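Chains as they are written, first to last, in the working numbering: chain A, 14 to 248; chain B, 20 to 379; chain C, 461 to 749. All C-beta atoms in this analysis are idealised placements derived from N, C-alpha and C, irrespective of residue type, glycine included. None of the values given here were measured: they were computed from a predicted structure. Here's the structure, in structure tokens; my notes come after.
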Amino acid sequence: MAPILELRGVKAFYGQSEVLHGIDISVENGGMTVLLGANGAGKTTTLRAICGMVRSEGEIVFDGQQLHRRTTEEIVRLGVAHVPEGRGTFIGLTVEENLRLGGYTRTDQPDVSMARMYGYFPILADRRWQQAGSLSGGEQQMLAIARALMMSPRLLVLDEPSFGLAPRIVDDIFAIVARIKREEHVSVLLVEQNASLALELADRAYLLETGYVVTSGTAKALAADPQIRRSYLGY
Amino acid sequence: MNEDAEGAATAGKPLGGSSVTLAGTDSWYIGYRRWLAALALIALAIALPFALSNYHVFELTLVMIYAIAVLGLNILTGYNGQISLGHGSFFAAGAYTAAILMHRYGVPYWATLPAAALICFALGVLFGLPALRFEGPYLALVTLALAVATPQMLKYFDTWTGGQQGINLVKPLPPPGLGLDRDRWLYFVVLAALLIAMRVAANVLHGRSGRALIAIRDHPIAATAMGINAARYKTLAFGTSTLFTGVAGALSAMVIGFVAPESFSLFLSLSFLVGSAIGGIATIGGALVGGLFIEFVPNLANDISDAAPWAIYGLAMLLFMYAMPRGVVGSLGPWLAQLTRYVLENSSRQKMQTEKGRLS
Amino acid sequence: MHQFLQQVFSGLAAGAIYASLALALVMIYRATDLVNFAQGEMAMFSTYIAWTLVNAGLPFWAAFAATLVASFLGGMAIERVIIRPVENAPVLATVVVTLGLLLIFNALAGWLFTYTLQEFPSPFPDRPLFGALMTTRDLGVIGVTLVMLVLLYAFFRFTPTGLAMRAAAQNPESARLCGIRVGHMLAIGWGLAAAIGATAGIMVAPVLFLDPNMMGGVLLYAFTGALLGGITSPVGAVVGGLIVGITENLVGTYLVPSQLKLTVALALIILVLVFKPDGLFGTAIVRRV
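What follows is the structure, encoded as structure tokens:
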């Protein structure tokens with residue numbers, strides 16, 4: 014089966030500086046790929062390049078379509094949902110309004126989708142009329158993921174979902190992500206610092222360092238790799 | 020853990036768009052080749068009045084006066100990021116100071132200049148202190164209110180200001196023996212004032228104070244954390260800028276020979292702002308471009324369309340901002356500097372090659 | 461006492477107009493982070509369009525509706541064509557562009573319609589009410605403003621487009637990630653603001669008489685009201701505008717001769733701002749280091 018997302022020789026630029034130096038990445042249809050690496054390796058930049066938020070060169074193919082010259086809004090409307098670093102919730106709006114915005118591009122049955130989201134994240138249902146800014150970190154992360162899913166995306170892009178969250182909440186969130194992947198038939202591209210948890214769930218993994226892909230393979234292979242274990246898994 | 024380098028840069032977006040800029044356009048005043056260019060320009064400025072008619076000399080004198088006024092605004096808005104829609108009021112303050120001193124108290128014209136400077140500096144500091152509390156559009160409103168109130172107040176306090184009629188002045192006589200008429204003498208007085216103003220501005224802005232102002236403009240919290248007393252610098256910046264504009268006002272009184280409330284309306288303040296933006300708000304040379312714009316574009320607009328000249332003026336404003344959003348000197352300056360460097364590099368490379376050719 | 465109440469009510473009517481224009485200013489500020497100095501002149505130009513339609517024989521409310529539509533489309537066009545090129549330029553460039561727009565509209569109006577004062581019809585007869593406490597015209601103006609506010613509130617609160625516009629103003633990047641075309645939202649914002657301005661202009665023209673310089677003072681008071689309320693708060697804009705209207709009237713009646721009215725009114729309001737530098741309802745801009 015063809016991968017749903019493929020990056021070939023992608024370079025990215027902040028102003029004049031080149032920060033990604035020709036990377037190749039793929040996400041299988043229905044699978045989960047994780048990008049690992051230290052701070053500054055280029056993981057977030059890769060995600061931003063996919064969504065047209067940063068200047069890039071090279072080929073980015075999603076579901077047979079070239080993403081390269083499109084605006085962020087167009088890319089999103091093609092079926093790519095991006096949960097950015099820091100969540101990007103509309104803190105001045107209510108939980109329910111945030112979800113509605115997620116479903117903005119879908120004209121059919123927003124209430125049905127919302128009911129499903131409340132099913133995955135019951136705690137959001139309790140807080141539906143609260144201002145998003147008053148939610149805890151974990152709840153905001155759930156809201157961000159739910160909002161992304163409201164558009165029934167083909168590809169879910171998650172940037173550091175575990176950031177700043179307590180381990181128990183992180184476990185909850187990853188459990189939900191795994192369930193969503195199964196039930197919603199959505200492919201996932203994940204950027205994570207929490208390597209061990211990510212490698213348990215993912216199919217493929219890539220290790221980035223200063224803008225290059227230094228290792229790639231199945232998640233199992235990388236998890237077993239002693240060098241990676243030492244550098245990123247801590248044992 | 021922010022891999023996003025752009026995040027930091029958007030935090031404190033400076034008004035004129037230039038970040039730390041000392042090595043850019045204002046290095047006109049550093050480096051001896053540029054000194055030569057400056058001297059050539061000054062020589063031209065000295066020769067011009069003898070080649071032009073009285074009226075043109077008068078116009079050029081006004082250009083230089085507006086340039087001094089705009090320079091004051093550049094110090095405030097460009098280097099310190101405080102936007103002022105009311106500098107016309109300080110121009111008026113300087114003009115009326117000079118007029119009242121000359122008309123009522125017979126003070127010689129040259130003595131009114133330091134008086135206007137002092138008074139306008141004091142006014143600027145007095146105004147700048149409470150203005151510290153206001154940011155962005157709020158400061159714009161406060162200065163706008165000042166600009167709108169000025170003609171009203173000038174008309175109201177008519178025992179001092181001569182009310183609606185204003186004050187008529189006798190234009191100063193040139194010193195005997197120089198063979199200059201009044202208009203040309205005043206041209207040179209103003210030219211001297213402009214050169215002094217630019218030199219003083221360059222000294223202040225390229226030194227510690229200038230760096231402090233830029234730091235306060237771009238990253239006020241970091242600047243305070245480094246021990247810069249932002250309140251003191253901002254207030255002094257205000258006072259300095261009004262000093263410049265006030266002196267320009269005093270000069271305008273003696274050059275035009277007349278002050279009246281109508282000349283100091285909101286439009287004057289807005290003209291200064293427009294001149295500042297079009298010249299390049301964090302530059303010194305831009306003030307001269309601004310002065311040229313303020314003096315000549317209205318007349319040009321009238322030539323193009325006497326039915327709706329201000330529409331042409333407005334259109335000119337739009338087109339300049341589309342083409343050069345950082346102002347003429349702000350946009351062309353860096354480009355010219357690069358070009359000069361390129362030419363210099365290539366000419367020295369050629370020299371090296373011919374040397375090599377001779378030796379081998 | 462009777463005179464005091466009279467002045468308060470007529471101040472409210474003037475304040476309603478300032479409040480409308482202030483609301484337009486705040487909408488544009490929230491969406492695009494800039495003050496549209498040309499808002500008053502755009503409103504004035506719209507009013508001339510209405511005047512032309514009425515003179516051509518259209519009934520008042522039909523001309524009103526047509527003008528609103530034309531202003532909406534015009535506002536959208538201005539955002540796309542005039543403002544977009546300097547969207548990412550330094551702040552001062554946008555200030556100069558809106559000032560330039562101000563001059564262009566003013567000169568254009570003067571050229572097309574001359575500077576002669578014109579009479580403008582009001583749909584409300586000018587009869588005294590409640591024992592000369594206020595006039596039917598004042599009540600009409602306040603009524604129209606109220607209706608407009610309610611419609612706007614409903615639009616932003618209950619429609620998907622209104623929600624998308626709020627989102628785009630708060631967090632444009634996240635809005636894009638929801639597939640919202642932020643550029644379109646900005647254009648719609650400008651269109652709405654232009655329509656609101658047109659309403660303000662049409663309401664004030666019967667009183668001030670229509671001429672190209674009609675909205676200058678109104679814009680100044682509206683700007684003051686918007687800042688008094690807090691430049692980021694729509695509620696603040698309305699409250700601020702009303703306060704400015706009442707203050708202006710009371711100051712002009714009781715305190716100073718009309719030459720100094722503007723000065724003193726502004727001074728009073730700035731005094732308030734000294735104690736509340738972000739306006740009454742404004743949120744202090746919290747800077748993260």
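Bounding residues of the alpha helix (DSSP H) (the contiguous stretch that carries residue i)
| i | result |
| --- | --- |
| Ser69/A | Note, Ser69/A: premise wrong, no alpha helix (DSSP H); beta strand (DSSP E) at 68–75. |
| Met243/B | First, the amino acid is wrong: residue 243/B is Thr here, not Met. Where Thr243/B is concerned, the enclosing alpha helix (DSSP H) stretches over 239–244. |
| Tyr27/A | Premise fails: Tyr27/A lies in the beta strand (DSSP E), 18–27, not in any alpha helix (DSSP H). |
Any chain B beta carbon closer than 9 Å to residue i
| i | result |
| --- | --- |
| Tyr489/C | yes |
| Leu740/C | no |
| Leu637/C | no |
| Gly712/C | no |
| Ile691/C | yes |
Pairwise C-alpha distance: residue j and residue i
| i | j | result |
| --- | --- | --- |
| Tyr341/B | Met625/C | 27 Å |
| Gln153/A | His238/B | 30 Å |
| Val257/A | Phe618/C | Because chain A in this structure spans residues 14 to 248, residue 257/A falls outside the shown range and cannot be described. |
| Leu60/A | Asn99/B | 38 Å |
| Leu679/C | Gln499/C | 7 Å |
| Phe69/B | Ala220/B | 29 Å |
| Cys139/B | Thr58/A | 52 Å |
| Leu192/B | Phe339/B | 40 Å |
| Ser209/A | Gly50/A | 12 Å |
| Val189/B | Tyr478/C | 46 Å |
| Ala655/C | Lys174/B | 37 Å |
| Gly99/A | Gly661/C | 44 Å |
| Asp184/A | Gln29/A | 40 Å |
| Ala525/C | Met273/B | 55 Å |
| Tyr85/B | Met674/C | 30 Å |
| Trp571/C | Pro328/B | 10 Å |
| Ser718/C | Ala157/A | 57 Å |
Chain C within 9 Å of residue i, Cβ atoms only
| i | result |
| --- | --- |
| Trp329/B | yes |
| Ala9/A | No answer is possible for residue 9/A: it lies beyond the span of chain A, which begins at 14 and ends at 248. |
| Glu154/B | yes |
| Arg141/A | no |
| Val89/A | yes |
| Thr96/B | yes |
| Leu334/B | yes |
| His81/A | no |
| Met155/A | no |
| Ala168/B | yes |
| Leu337/B | yes |
Interface partners of residue i on chain C, CB under 7 Å
| i | result |
| --- | --- |
| Phe103/A | Ala627, Gln630, Asn631, Ser634 |
Listed by chain order, chain A residues near residue i by CB distance under 9 Å
| i | result |
| --- | --- |
| Pro666/C | Correct list: empty, because the minimum Cβ distance to chain A is about 39 Å. |
Beta strand (DSSP E) segment containing residue i, residue limits
| i | result |
| --- | --- |
| Arg217/A | 217–222 |
| Thr231/A | 225–231 |
| Ala94/A | 93–96 |
| Leu171/A | 168–172 |
Chain-ordered neighbours of residue i on chain A, where CB pairs are closer than 7 Å
| i | result |
| --- | --- |
| Leu612/C | Within chain A, no residue comes near Leu612/C; the closest Cβ sits about 17 Å away, beyond 7 Å. |
| Arg597/C | Chain A residues near Arg597/C: none, gap ~38 Å exceeds 7 Å. |
Contact with chain A by residue i, beta-carbon distance below 9 Å
| i | result |
| --- | --- |
| Leu481/C | no |
| Leu623/C | yes |
| Val642/C | yes |
| Pro545/C | no |
Under 8 Å from the C-beta of residue i: neighbouring residues of chain C
| i | result |
| --- | --- |
| Gly151/A | Those within 8 Å of Gly151/A in chain C number zero; the least Cβ separation is about 19 Å. |
| Glu109/A | Ordered by position in chain C, no residue passes the 8 Å Cβ test against Glu109/A, which lies about 10 Å from the chain. |
| Ala326/B | Trp571 |
Candidates the options, of which the one nearest residue i by Cα
| i | options | result |
| --- | --- | --- |
| His462/C | Leu552/C, Thr576/C, Phe590/C, Phe615/C | Phe590/C |
| Trp54/B | Arg218/B, Ala111/B, Leu197/B, Val76/B | Arg218/B |
| Tyr117/A | Arg90/A, Leu137/A, Thr102/A | Arg90/A |
| Arg203/B | Gly349/B, Ile331/B, Phe77/B | Phe77/B |
| Leu351/B | Leu71/B, Ile300/B, His122/B | Ile300/B |
Partner residues on chain B for residue i, Cβ-Cβ distance less than 8 Å
| i | result |
| --- | --- |
| Ile730/C | Leu160, Val161, Ala164 |
| Gln719/C | Gln171, Lys174, Tyr175 |
Proximal residues of chain C, C-beta to C-beta of residue i below 9 Å
| i | result |
| --- | --- |
| Thr118/A | Cys638, Gly639, Ile640 |
* Give the residues from the segment 286–302 of chain B that approach chain E closer than 9 Å (Cβ to any Cβ), ordered along the chain. => The question asks about chain E, but that chain is absent: this structure's protein chains are A, B and C.
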